[in-house]
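A.B. asks:
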Amino acid sequence: MELRVSRESGLKLYSKLATLGTKYHEDHLINHPADILKSSVEKLCTSLNELLATRNSHGSDKNKEKAICDHILELDSFYDRLFLVIKGLSPMGRIDNKNATLWLKGNDPEAYARFKDSTTKAHTMIRKISNGIKHDSLSVGYLTVVDSKNRIVDGFYFAKTVGKEELQGPCLDIHPKYKGSSTAISYDYFIRQSAGFVATCLFHLDRIFLDKIKTSEISFDSLYQFFDKQKSVGNLIFPNEYNEELAEFSVEKLSIVIKFPAKEKRNKDTDMIVSVKPLFKINGRTNSSNNELPYFKLLP
55 MELRVSRESG LKLYSKLATL GTKYHEDHLI NHPADILKSS VEKLCTSLNE LLATRNSHGS
115 DKNKEKAICD HILELDSFYD RLFLVIKGLS PMGRIDNKNA TLWLKGNDPE AYARFKDSTT
175 KAHTMIRKIS NGIKHDSLSV GYLTVVDSKN RIVDGFYFAK TVGKEELQGP CLDIHPKYKG
235 SSTAISYDYF IRQSAGFVAT CLFHLDRIFL DKIKTSEISF DSLYQFFDKQ KSVGNLIFPN
295 EYNEELAEFS VEKLSIVIKF PAKEKRNKDT DMIVSVKPLF KINGRTNSSN NELPYFKLLP
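Heads up: the sequence shown begins at 55 in our numbering, then just goes up one per residue.
1) How far does the alpha helix (DSSP H) with Leu102 in it reach, from first residue to last?
2) Assign Leu192 to one of three DSSP states: helix, strand, or coil.
3) Please classify Glu56 as buried or exposed, where buried requires at least 16 neighbouring CB atoms within 10 angstroms.
4) With DSSP run on the structure shown, which of helix, strand or coil describes Thr76?
5) Compute the Euclidean distance between the alpha carbons of Glu298 and Lys170, then round it to the nearest angstrom.
6) Any C-beta of chain D sitting closer than 8 Å to the C-beta of Val95?
7) Within 10 Å of its beta-carbon, does Arg246 have 16 or more other beta-carbons around it, so buried, or fewer, so exposed?
8) In three-state terms, what does DSSP make of Ala253?
9) Tell me whether Met146 is buried or exposed, calling it buried when 16 or more other Cβ atoms sit within 10 Å of its Cβ.
10) With burial defined as no fewer than 16 other Cβ atoms inside 10 Å of the residue's Cβ, what is the status of Asp323: buried or exposed?
11) Would you kindly check if the distance between the Cβ of Tyr243 and the Cβ of Ile187 is under 8 Å?
12) Closest to Asp81 by C-alpha separation, out of Leu67, Thr73, Ser144, would be which residue?
13) Should the segment 94-106 be regarded as contacting the segment 117-133, the criterion being three or more beta carbon pairs within less than 8 Å?
14) Cα-Cα, which of Ala167, Pro332, Val200 is closest to Tyr211?
15) Which residues in the same chain have their Cβ closer than 7 Å to the Cβ of Asp115, if we skip the five residues on either side of it in sequence?
16) Evaluate contact between the segment 254-271 and the segment 186-201, counting only Cβ atoms and requiring at least three cross-stretch pairs below 8 Å.
17) Could you give the C-beta distance for Leu105 and Ile84, rounded to a whole number, given that I count them as a contact under 8 Å?
18) How close, in whole Å, do the beta carbons of Thr76 and Ser270 come, if the pair is a contact with beta carbons under 8 Å?
19) Whose C-alpha, out of Asp227, Gln279, Ser235, is nearest the C-alpha of Asn103?
20) Could you tell me the distance, in whole angstroms, from the CA atom of Leu136 to the CA atom of Pro354?
21) Applying the 10 Å Cβ sphere with the 16-neighbour rule, what's the burial state of Pro87?
22) Here's a check: name, in chain order, each residue in its chain whose Cβ is nearer than 7 Å to the Cβ of Ile228, leaving out the five neighbours to either side.
23) Could you tell me whether the Cβ atoms of Gly250 and Ala165 are closer together than 8 Å?
24) Jot down the residue ranges of each uninterrupted beta strand (DSSP E) in the segment 185-244, minimum 3 residues, whole runs only, in chain order.
25) Applying the criterion that 16 or more other CB atoms from any shown protein chain within 10 Å of the CB defines a buried residue, is Ile90 buried or exposed?
26) Cys225: which of Glu346, Pro293, Phe350, Val199 sits nearest, CA to CA?
What follows is the structure, encoded as structure tokens:
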């Protein structure tokens, strides 16, 4: 999948939505599909700005944790709002449901299945973390790893009780084990994976629902800015993330091209980390700290 976003001509999907002649959204009593998409992207820009602004702040900064969680929740909400966009493209169905996802599933199960099949894999990590934030008592932990090239890789993980004596460690539903150790999420991986997720959703929304529509070009500055802020993110990722899918950016004249999925190339030294430096939190109730160290089995 490749998505092209131009500084001048925007995104074909948005141009198609903005020039739609239908007014199905009025029958559903929802906003115009182009307005829903634009508002969703603007909210993503705001949460991304906060994430990037707090990346280098100390782990004791409460805004750092808030920025991570807010961006994940906004990414998940972005996905849910796409079903509102789809509903706004569609006439009233035989099944009425204010939940746009259930509405599409009931009225056009084939289109629902095609969109879900095309986007669920990219969405899975975001959905798992979002549900954990909303429904579990997770906290955010931080760490830096010095990798095999002596580069400092910064990241975070979502912690909960994982053992006796109130042992705190990465939530296994979110962070699968890697070579016997718990894992975390690097900032570079997270930003590139979530950018790929957004691009994938937009690409398949256009492909499945608006592919045959021709239209004039309309700028979509907020979406261009969203990807522009991420295009220079590097490849400082944790060892297990070399197995995972993320976005790859390129610039062609006035356009940003997002390719997804892509992977960083691993080598024989990828797992040979030099050190792990965590920032463990003190439990105010017990005045103690009992924590599991991610990647400890990869240490020399």
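Just so it is clear, CB atoms sit at the ideal spot from N, CA and C, and this is done for glycine as well. As the structure is a computational prediction, the values presented were derived from the model and not from experiment.
C.D. replies: A quick look at the data gives this:
1) Taking the first residue of the sequence shown as 1, we reach residue 102 at position 48. It spans 87-108 - the alpha helix (DSSP H) in which Leu102 sits, taken as one unbroken run.
2) Looking up residue 192 in the sequence shown gives position 138. DSSP places Leu192 in coil when its eight states are reduced to three.
3) For the purposes of this step, residue 56 is taken as the residue at position 2 of the sequence shown. Exposed: under 16 other Cβ atoms inside 10 Å.
4) As a first step, residue 76 is located in the sequence shown; it is residue number 22 there, counting from the start. Coil at Thr76, not helix or strand.
5) Mapped onto the sequence shown, residue 298 falls at position 244. Mapped onto the sequence shown, residue 170 falls at position 116. So the alpha carbons of these two residues sit roughly 20 Å apart.
6) The structure shown contains no chain D, having only a single protein chain.
7) Stepping through the sequence shown from its first residue, residue 246 is reached at position 192. The residue is buried, with at least 16 neighbouring Cβ atoms inside 10 Å.
8) Counting from one through the sequence shown, the residue named residue 253 turns up at place 199. Reduced to three states, the DSSP call for Ala253 is helix.
9) Here residue 146 is taken as the residue at index 92 of the sequence shown, counted from 1. By the neighbour-count rule (16 or more Cβ atoms within 10 Å), Met146 is not buried but exposed.
10) For the purposes of this step, residue 323 is taken as the residue at position 269 of the sequence shown. Exposed is the call here.
11) The count along the sequence shown starts at 1 and reaches residue 187 at position 133. The count along the sequence shown starts at 1 and reaches residue 243 at position 189. No, the Cβ-Cβ distance between Ile187 and Tyr243 is not below 8 Å.
12) Locating residue 81 in the sequence shown gives position 27, counting from the first residue. The shortest C-alpha separation from Asp81 is found at Ser144.
13) With the cut-off at 8 Å, the segment 94-106 and the segment 117-133 touch.
14) As a working mapping, residue 211 is identified with position 157 in the sequence shown. Measuring C-alpha to C-alpha distances from Tyr211 to each of Ala167, Pro332, Val200 identifies Pro332 as the nearest.
15) Counting from 1 along the sequence shown, the entry for residue 115 is found at position 61. Leaving aside the five residues that flank Asp115 on each side, the residues in its chain whose CB is nearer than 7 Å to its CB run, in chain order, Thr108.
16) no
17) In the sequence shown, residue 105 corresponds to position 51, counting from 1. In the sequence shown, residue 84 corresponds to position 30, counting from 1. So it is not a contact: roughly 29 Å between Cβ atoms.
18) On the sequence shown, residue 76 is found 22 positions in, with the first residue counted as 1. On the sequence shown, residue 270 is found 216 positions in, with the first residue counted as 1. A Cβ-Cβ distance of about 17 Å is found for the pair Thr76 and Ser270, leaving them out of contact under the 8 Å criterion.
19) For the purposes of this step, residue 103 is taken as residue 49 along the sequence shown, with counting starting at 1. Comparing Cα positions, the closest option is Gln279.
20) Within the sequence shown, residue 136 is the residue found at index 82, counting from 1. Within the sequence shown, residue 354 is the residue found at index 300, counting from 1. Cα to Cα, Leu136 sits roughly 47 Å from Pro354.
21) Along the sequence shown, read from residue 1 onward, the residue named residue 87 stands at position 33. Pro87 should be labelled buried.
22) Translated into positions along the sequence shown, residue 228 becomes position 174. Around Ile228, the same chain offers Lys182, Ile183, Gly186, Phe212 as residues with beta carbons nearer than 7 Å, after the five sequence neighbours per side are excluded.
23) Locating residue 250 in the sequence shown gives position 196, counting from the first residue. Locating residue 165 in the sequence shown gives position 111, counting from the first residue. No, the Cβ-Cβ distance between Gly250 and Ala165 is not below 8 Å.
24) Here the runs fully enclosed are 193-200, 206-217, 221-224.
25) The residue you call residue 90 lines up with position 36 of the sequence shown. By the C-beta density criterion, Ile90 is buried, having at least 16 other C-beta atoms within 10 angstroms.
26) Here residue 225 corresponds to residue number 171 of the sequence shown, with the count starting at 1. Closest option to Cys225, Cα to Cα, is Glu346.
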